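Numbering (my numbering) for the sequence shown: 632 to 788.
Think of the CB as a built atom: it goes at the ideal place given N, C-alpha and C, for glycine as much as any other residue.
Remember, it's a predicted structure, so these values are computed and weren't measured experimentally.
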Amino acid sequence: MPMKLTNQGLYFEEFELGQRITSPGRTITEADVVTFAGLSGDFNSIHTDAEYVKNTAIGQRVAHGLLIISIVSGLAVRTGIMEGTVLAFREIKNWKFSQPVFIGETIHVIMEVTGKKAMPQLGGGSILLSLDVRNQDDQTVMRGIWTVLVQSQAGEA
């Protein structure tokens, strides 16, 4: 007999303004950067050429900004708050790349619920999340706002 999976994430009604959620950390690896370069086609020397960057102001290879955004998406999911309840990722607003992320650094994300809007026609609502991506020294490396659509408890099958 098939087992029915239960939603573990938060429903729209369970999100509260001001609620803060911190993700686990994740270390950025050489494999992450090389794989992303191959996937995206972005082989810019600042990401892939250790000798080239030695002679730049940065001095070492930098992880792709879009790679870090992708990893942040995974970290957000790892918190469990959207597991089985997220309907769609809708928007990124006001994204700022504050500091480079280097190979070997560890990042985590702090999310804060800053807005909610019921959307009964979708069976849920819109949640505004303010994201603060920090490195192992607790310095902000990226920040911005995401909008996600989340299922309502009433929308549950």
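Anticipated Cβ contact below 8 angstroms, residue 736 with residue 767, distance rounded: In this structure, residue 736 and residue 767 form a Cβ contact; the two beta carbons are roughly 6 angstroms apart against a cut-off of 8 angstroms.
Rounding to the nearest angstrom, what Cα-Cα distance links residue 647 and residue 726 in this structure? If you take the alpha carbons of residue 647 and residue 726, they lie about 23 angstroms apart.
Identify the continuous alpha helix (DSSP H) that holds residue 679 and give its terminal residues. Where residue 679 is concerned, the enclosing alpha helix (DSSP H) stretches over 676–679.
Span separating the alpha-carbon of residue 715 from that of residue 640: Answer to the nearest angstrom: the Cα atoms are 6 angstroms apart.
Start-end ranges of the beta strand (DSSP E) lying completely within the segment 712–788, minimum 3 residues: Every beta strand (DSSP E) of 3 residues or more that sits fully in the segment 712–788 is shown, in chain order, as 717–728, 737–750, 755–765, 771–782.
Could you give the distance in angstroms between the alpha-carbon of residue 661 and the alpha-carbon of residue 734? The alpha-carbon atoms of residue 661 and residue 734 are separated by roughly 6 angstroms.
Could you please give the first and the last residue of the uninterrupted alpha helix (DSSP H) stretch that includes residue 709? Taken as a continuous stretch (DSSP letters only), the alpha helix (DSSP H) holding residue 709 covers 696–709.
Quick one, which of 643, 645, 642, 649 has its alpha-carbon nearest residue 761's? Of the listed residues, the one whose Cα sits closest to residue 761 is 649.
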